[in-house]
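First comes the structure, then the notes that go with it.
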Amino acid sequence: MAKWMKIFLCGVLSLSFLFTTLGYAALTDTLSISGSAEINIPDGLYIVEMTVDGSASNLDVHTFEFTPYSTTVESTISRARPLWGGSQQAGSVTYKIRVFNNTDYVYTYRDLYYQSDLYDNGSVSKSSGNSRFSVVTDFPDGETVQPRDYLTFYVTYTIGRNLSANNQYHTLLNYQFGININSAEQARNAVYDKFLDILNTTSSYDQLIDVLDDKYNGVDYWRSNYVGNVGDAINNDMVTVESLFAGQLNMSIGGSTTKAWVLIKHEDLDGNEKTGDDYSVTANGGTAVGKGCEMTLYLTTELLNNAGGSAEVYAATFTCDRDSAGNIVGGWYLVGDTYQGTAPVVGYGGEENETGSFVTDRWVASAGTYSPCDSFSYTVASGTSMRTLMQTVDPNAIRVFQTLLDEAKEIIDNRNYAGPGMIAVEDAYENASKYYTLDANNNPVANSNTLRAWLCPILTELEHAVRVAQKEIENLN
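Using my numbering, read the sequence shown as starting at 11 and increasing by one per residue.
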């Protein structure tokens, strides 16, 4: 079994995250908790406790556990063989599950989710019956969990009396929640914030890279750098992406249930092999190689069911800096902006006249204006590609950058107080140093070939720090 499947079998559409002290429950007949690890409290909604409620009836519980960082439960049970001369009876066990919402969002319970192709026993029914294996929860769709609050619910597993005794039923079930959002823009921001968190968390970043590596078949190059949860996606890809995003692709925007469909593309967009990361994967005699690859997240809430048409798709690119040894320094960050655009609707593998996905390579921007800071804005022409957006050198951006550098240098040189603004200016000035040189008088000179996309986050940080410091100085005088 591939290593990514080992990771994700216990994470089907998981709404990730667990407490600072992690109790990993592994059970045989009765609950036993072993192992602990100190971790930072992450954002999200996740299971914190799972126990057998009472005792099992005519049923043997072999194992059950909740997956760390998720709302996914794995269980192996079988119906007990009747005593000599006795008749077969249905068997059942009820689990008590407690979740915690460690976010500022209200989460709504959506549904019980499973994928039959990942189970030993095939399909799972949500209603009981003599010839069925069923799983039923005790609360209705629409149940909410308030910010920083808990919810306890019960779930009953039943094996019908007509099913064979001692036949084990191994299940992976996800209790699917989604966030309540006020606007589409807030929803997009939540998804992109979560993606940045995925990239900057070692375990989730490794899972993302593993699924990209392991799906490559030695023939289809796109498999090595492309994954998504779109409707036509490969089941394994959908499992991976939904698990990583921990429920934040399921939303209620202004009371209307909305699904976010995303594609993640791992490729070099800025033309610089010293930014982003590298990959090299070999399978079945073929090799796929990428140097200096950014991570771009393409997002839409459209149904992608209009064959031959197009969909409104937002796109944002993230990169990272590396040292001389190739190690990532300072983490991943957004370059440029979150751009609105369109992409043709196709099948997941790029099949024309099919539906369920879209083509990232043919994504183009819609006309718009973007403002990374008050001092600078720029327009994007309709039809501009993502690669062009990432590789544009904008003289106006460089001019504003030079002005802010001069203002920051003046504040630092005339340092006569210690405050948050001064500290912020010094930090921003240092962070910007990769895009300027110092002249003979130790004054900064902006590099004339710096890409606009690279400057956007620097301009945001630098202008904010300078304005805060200037206000502090004004108040002192």
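Idealized CB from N, CA, C, for every residue including glycine.
Just so we're clear, the structure is a prediction, and the values are computed from it rather than from any experiment.
Self-check item: Simplified DSSP assignment, three categories, for R409
Solution: helix
Quiz item: Are the beta-carbon atoms of E482 and G431 separated by less than 7 Å?
Solution: yes
Quiz item: For K204, does the count of other Cβ atoms within 10 angstroms reach 16, so buried, or fall short, so exposed?
Solution: buried
Exercise. Figure out for me which residue from T267, V435, I468, D230 has the closest Cα to the Cα of G346.
Key: I468
Quiz item: Where T38 and V71 are concerned, what is the direct C-alpha to C-alpha distance, given to the nearest angstrom?
Solution: Any reading at T38 is ruled out, since the residue's pLDDT is 24, under 50, leaving its predicted position unreliable.
Quiz prompt | Proximity to T389 [Cα-Cα], best of T104, A407, N227 | solution = A407
Quiz item: Mind checking whether G319 and V355 have CB atoms under 7 Å apart?
Solution: yes
Exercise. Could you work out which residue in N452, L415, I338 is closest to D437 when comparing CA atoms only?
Key: L415
Quiz prompt | Rounded separation between D242 and G359 - CA only | solution = 9 Å
Quiz item: What residue range is occupied by the uninterrupted beta strand (DSSP E) comprising A293?
Solution: 287-293
Exercise. Could you tell me the boundaries of the beta strand (DSSP E) in which A321 lies?
Key: 320-332
Quiz item: Does the ligand COA have a heavy atom nearer than 6 Å to the CB of Y289?
Solution: This structure simply doesn't include the ligand COA, nor any ligand for that matter.
Self-check item: Stretch pair the stretch 397-404 + the stretch 450-467: three plus CB contacts closer than 8 Å
Solution: yes
Quiz item: With distances taken from CA atoms, which of G64, D280, Y446, A200 is nearest K419?
Solution: Y446
Exercise. Tell me E84's beta-bridge partners as DSSP assigns them.
Key: E75, L182
Quiz item: Could you give the uninterrupted runs of the beta strand (DSSP E) lying entirely in the stretch 345-418, keeping only those of 3 residues or more?
Solution: 378-383, 386-390
Self-check item: Where the alpha helix (DSSP H) containing Y439 begins and where it ends
Solution: 430-441
Quiz item: Could you give the distance in angstroms between the alpha-carbon of E48 and the alpha-carbon of R158?
Solution: With a pLDDT of only 33 at E48, under the threshold of 50, the placement of this residue in the model should not be trusted; the figure read from the coordinates follows. The straight-line gap from Cα to Cα measures roughly 20 Å.
Exercise. Could you have a look at R425 and say whether DSSP puts it in helix, strand or coil?
Key: coil
Quiz item: Between which two residues does the alpha helix (DSSP H) containing P467 stretch?
Solution: 462-486
Practice problem: To the nearest angstrom, report how far apart N282 and N487 are at their CA atoms. | Solution: 46 Å
Exercise. Answer yes or no: do A9 and N363 have a C-beta to C-beta separation smaller than 7 Å?
Key: Here the chain covers residues 11 to 487 and nothing more, so residue 9 does not appear.
Quiz item: Three or more beta-carbon pairs under 8 Å between the stretch 328-336 and the stretch 363-379, yes or no?
Solution: no
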